[in-house]
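Residue numbers (my numbering): 324 to 390.
Pasting the structure below:
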C-alpha cells in the first residue's frame, strides 16, 4: 500500500459515478516518490516534498541575510 513516511497519508477510497449515477468504489492513490535523506531512502508524498523544499529555501534566505 502506498503511504508517506512523514505524514502517514495513504490510499483513499472514492466513489466513481457513471452517466446513470451508478456508484462504484475505487481507490485514489497518492503521489509517492523516494528521496534520499540522511543516508537513507524515504518515501514521501508530493505535498511533503513541496513543504520540505519551502523550508529549505527559507533557511537559505535567512542565512544569506545574516551574512
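We put the CB at the ideal spot given by N, CA and C, even for glycine.
{"Query": "Neighbourhood of residue 365 by C-beta, 6 Å cutoff - its chain only, sequence neighbours within 5 removed", "Result": "328, 358"}
{"Query": "Range of the contiguous alpha helix (DSSP H) that encloses residue 369", "Result": "369 to 389"}
{"Query": "Residue 324 (DSSP reduced to helix, strand or coil)", "Result": "coil"}
{"Query": "Residue interval of the beta strand (DSSP E) (run including residue 336)", "Result": "335 to 340"}
{"Query": "Pairwise C-alpha distance: residue 345 and residue 405", "Result": "No statement about residue 405 is possible, as the shown extent of the chain runs from 324 to 390 and does not include it."}
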